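Student: Residue numbering for the sequence shown is 54 to 552, as defined by my numbering. Cβ coordinates follow ideal geometry from the N, Cα and C atoms, glycine included. All values derive from a computational prediction rather than experimental measurement.
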Amino acid sequence: MEAEAETGTRGSNRGRQALGYSVALLSTGLCAAARIGLNPVYHDDLVFLLFVPALIASAVTGGLGPALLAGLLSMIASLGPMGVPAIYNPEVLVRAGIFAGLAFVTGLVGSRLLLSADTARRMVIDLEAREAHLQSILATVPDAMIVIDEHGVMQSFSAAATRQFGWTAEEALGRNVSMLMPSPYREAHEGHLVRYLTTGERRIIGIGRVVVGERKDGSTFPMELSVGEMRSSDRRYFTGFVRDLTERQTTERRLQDVQSELVHVGRITSLGEMASALAHELNQPLTAAANFMKGCLMLLDRDPIDRARLRDMIGQAGDQALRAGQIIRRLRDFLAKGEADRRIENLPKLLEEAGALAMIGAREKGVRLKFEINPSVDLVLADKVQIQQVALNLIRNAIEAMENSDTRDLVVGAVPVPDDMAEIYVSDTGHGIAAEVASQLFQPFMTTKQQGMGVGLSISRTIIEAHGGRIWVESNPTGGTIFKFTLPVVKPEDLTDDE
Ligand code: ADP
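1. Under 8 Å, do Leu410 and Pro275 count as touching if we go by C-beta distance?
2. Distance check for Val479 and Ala214, CA to CA, integer angstroms please.
3. Quick check: the Cα distance between Ile519 and Val465, rounded to an integer number of angstroms?
4. Check whether the Cβ atoms of Leu159 and Leu108 sit closer than 8 Å, and answer yes or no.
5. The beta strand (DSSP E) spanning Asp2 covers which residue range?
6. Could you tell me whether the Cβ atoms of Ile452 and Leu463 are closer together than 8 Å?
7. Express the C-alpha separation of Gln439 and Ile517 in angstroms, rounding to a whole number.
8. Whose C-beta lies closer than 7 Å to the C-beta of Arg376 among residues of the same chain, with five residues either side of it excluded?
9. Is the beta carbon of Glu406 closer than 8 Å to that of Val263?
10. Is it buried or exposed for Leu246, if we count other Cβ within 10 angstroms and need 16 for buried?
11. Under the assumption that Val490 contacts Pro497 (Cβ atoms under 8 Å), give the Cβ distance between them as a whole number of angstroms.
12. Which runs of the alpha helix (DSSP H), 4 residues or longer, sit entirely within the stretch 424-475?
13. Classify Ser111 as helix, strand or coil using the three-state DSSP reduction.
14. How big is the Cα-Cα spacing for Val316 and Arg396?
15. Report yes or no: do the stretch 117-124 and the stretch 170-183 share at least 3 C-beta pairs separated by less than 8 Å?
16. Does at least one heavy atom of ligand 1 sit under 7 Å from the Cβ of Ala415?
17. DSSP on Arg296, reduced to helix/strand/coil?
18. Is Met198 helix, strand or coil by DSSP?
19. If contacts are defined as beta-carbon pairs under 8 Å, then Asp431 and Asn399 qualify, I think. What distance do you get, rounded to the angstrom?
20. Quick check: does the Cβ of Leu410 come within less than 7 Å of any heavy atom belonging to ligand 1?
21. Identify which residue in Gly118, Leu91, Val105 has its Cα closest to the Cα of Gln70.
22. Which class does Thr482 belong to by DSSP, given the choice of helix, strand or coil?
23. Within a Cβ cutoff of 8 Å, which residues of the same chain sit near Leu363, ignoring the five residues on either side of it in sequence?
24. Please name the residue or residues paired with Thr534 in a DSSP beta bridge.
25. Would you list the residues sitting across from Thr273 in a DSSP beta bridge?
26. Excluding five sequence neighbours on each side, which residues of the same chain lie with their C-beta closer than 7 Å to the C-beta of Thr460?
27. Assign Thr322 to buried or exposed, taking buried as 16 or more other Cβ atoms, counted over all protein chains shown, within 10 Å of its Cβ.
28. Report buried or exposed for Tyr141, applying the criterion of at least 16 other Cβ atoms within 10 angstroms of its Cβ.
29. Given a threshold of 16 other Cβ atoms within 10 Å of its Cβ, counted over all protein chains shown, does Glu81 qualify as buried or as exposed?
30. Evaluate Ile190 with the Cβ neighbour count: other Cβ atoms within 10 Å of its Cβ, from every protein chain shown; 16 or more gives buried, anything less gives exposed.
31. With a 10 Å radius around its C-beta and 16 neighbouring C-beta atoms as the bar for buried, classify Ile89 as buried or exposed.
32. Express the C-alpha separation of Asp202 and Ser272 in angstroms, rounding to a whole number.
33. How many angstroms separate the CA atom of Gly505 from the CA atom of Gln373?
34. Look at Leu494 and Ala444 and say whether their C-beta atoms are less than 8 Å apart.
35. Under 8 Å: do the stretch 204-219 and the stretch 282-299 share three or more Cβ pairs, one atom per stretch?
36. What are the boundary residues of the beta strand (DSSP E) that includes Ser513?
As structure tokens, this is what we get:
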């Protein structure tokens with residue numbers, strides 16, 4: 054491509070030279086005609102001044118060569134009518150010398166100008182080629198690319214961005230990028246940007262994370278966002294690459310990541326194997342308890358009743374029943390607890406990620422997820438994986454409960470409540486909970502689903518209680534269900550520098 058450009062430049066140089074020389078001939082001719090026309094005024098006076106326009110015209114069209122030719126021709130045209138004796142006139146010689154110098158300088162300046170114009174033209178061609186190259190990349194790359202300035206105003210909106218968000222580039226350019234986010238992120242975005250610009254605190258820039266995006270039609274979707282920063286002269290720009298996690302291929306890959314992230318999923322899938330071992334293990338104490346009770350019945354029929362033996366057998370039956378209870382507790386602990394790894398976590402981020410993951414595939418079912426996280430809710434002390442498992446479980450249940458509903462509005466929210474706790478809620482517009490189910494909802498193996506295990510809520514309760522919180526259910530005034538749970542918050546003053 055460069056060689057091509059060079060050949061083109063050489064060709065255009067030659068063309069310009071020819072033009073320059075033609076202009077030199079023509080313009081000097083015209084000036085000479087003017088000179089002859091004005092002869093009655095000037096008589097035989099030396100009037101180089103009349104030829105200056107010819108010099109300039111030749112210099113700007115062809116550079117030094119044509120300017121010198123114009124100079125030479127001008128001198129001949131000026132001196133010619135004066136005849137040979139003029140050569141011996143010192144004044145004529147001085148003026149001719151000055152004119153020759155002027156021709157030379159004008160030529161040099163002309164050449165310089167032409168060279169700069171050439172460089173500028175080449176730069177423009179180069180820039181255009183790069184721009185076209187970039188555009189072709191942007192048009193084909195599957196990730197959406199959005200460039201914003203320091204105020205969040207969109208400067209560039211790729212074809213994939215149009216596909217993912219539903220806005221055309223014309224509609225998006227010049228508007229604030231927050232229009233691509235659902236509330237409350239929309240309102241908070243400006244603050245994050247200002248905070249980053251003033252303090253350098255990063256939330257996404259250079260880190261990347263899973264967040265929720267909003268399309269033109271108001272629906273939301275999980276997306277993986279990475280943002281890079283660019284400085285151009287004294288301005289800063291941010292380039293965001295967005296990968297829609299609901300797009301199928303990515304979903305499959307991401308699902309694998311989710312599985313390895315949420316180790317508990319693995320624990321639960323081994324529940325099938327556990328169940329048979331459990332049935333076997335439970336069978337023993339339960340059969341023993343039943344046998345003891347039968348023995349008691351027999352003892353009661355005897356006369357006289359052996360009270361000491363009866364007491365002993367009832368005691369043993371009770372012990373066996375307790376043993377069965379212990380086995381179930383052990384199973385719950387196994388499923389729920391693992392090695393608790395409690396750290397200070399950002400609750401909005403934790404919920405946002407869980408929501409984004411739980412929504413994989415749900416958009417196709419017409420479910421809209423809305424976050425209502427109070428901005429004052431921030432840090433909690435929690436095992437991230439466990440709490441995400443609870444949130445994931447509640448959101449999945451909510452999505453399943455709305456399968457046959459006309460409206461499918463899912464809200465995940467968080468508000469501060471007294472006693473330094475945060476209350477998290479997952480509300481749906483599903484079928485709600487029948488009274489007979491409600492009382493046993495958090496019991497293990499309580500399910501109304503054909504494929505259900507009935508352990509999700511029971512494990513969730515164990516997790517939340519182990520974190521010092523509470524979990525309960527309420528009915529949604531607009532129809533459906535709201536599950537709520539609390540977690541202890543960490544206040545900024547609790548954090549010391551050495552922590
Ligand atoms: P599973 O989902 O395997 O049945 P869970 O313990 O998570 O186990 O849920 C137990 C039962 O609680 C479900 O079978 C369902 O009947 C009821 N349930 C849970 N969440 C909801 C909800 N959002 N709306 C209506 N019913 C629900």
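Tutor: Let me spell this out:
1. Cβ atoms of Leu410 and Pro275: closer than 8 Å.
2. 30 Å
3. A quick correction: the sequence has Ala, not Ile, at residue 519. Answer to the nearest angstrom: the Cα atoms are 22 Å apart.
4. It should be pointed out that residue 159 corresponds to Thr in this sequence rather than to Leu. Their beta carbons are under 8 Å apart, which means Thr159 touches Leu108 by this criterion.
5. Limits of the chain in this structure are 54 at one end and 552 at the other, which puts residue 2 out of reach.
6. yes
7. Their Cα atoms are separated by approximately 9 Å.
8. Scanning its chain for C-beta atoms nearer than 7 Å, with the 5 sequence neighbours on each side dropped, one finds around Arg376 the residues Pro338, in chain order.
9. yes
10. buried
11. Your pair Val490 and Pro497 does not check out as a contact, with CB atoms roughly 14 Å apart and the cut at 8 Å.
12. Within the stretch 424-475, the complete alpha helix (DSSP H) runs of at least 4 residues are 437-454.
13. helix
14. For Val316, the predicted model reports a pLDDT of 44, less than 50, meaning its position is unreliable; a value from the coordinates is still stated below. Taking the straight line joining both Cα atoms gives about 17 Å.
15. no
16. no
17. strand
18. strand
19. Beta-carbon to beta-carbon, Asp431 and Asn399 are separated by about 7 Å, close enough to satisfy the 8 Å threshold.
20. no
21. Gly118
22. Coil.
23. Cys349, Leu352, Leu353
24. For Thr534, which the question treats as bridged, DSSP gives the partners Ser528.
25. Glu267
26. Thr482
27. Note that Thr322 scores a pLDDT of 47, beneath 50, so its modelled location is shaky and nothing firm can be said.
28. By the neighbour-count rule (16 or more Cβ atoms within 10 Å), Tyr141 is not buried but exposed.
29. Note that residue 81 corresponds to Thr in the displayed sequence, not to Glu. Buried, by the Cβ-count rule.
30. exposed
31. Flag for Ile89 reads exposed.
32. 26 Å
33. Between the alpha carbons of Gly505 and Gln373 lies a gap of roughly 29 Å.
34. Result no, Cβ atoms of Leu494 and Ala444 do not sit closer than 8 Å.
35. yes
36. Run containing Ser513: none in the beta strand (DSSP E); it sits in the alpha helix (DSSP H), 509-519.
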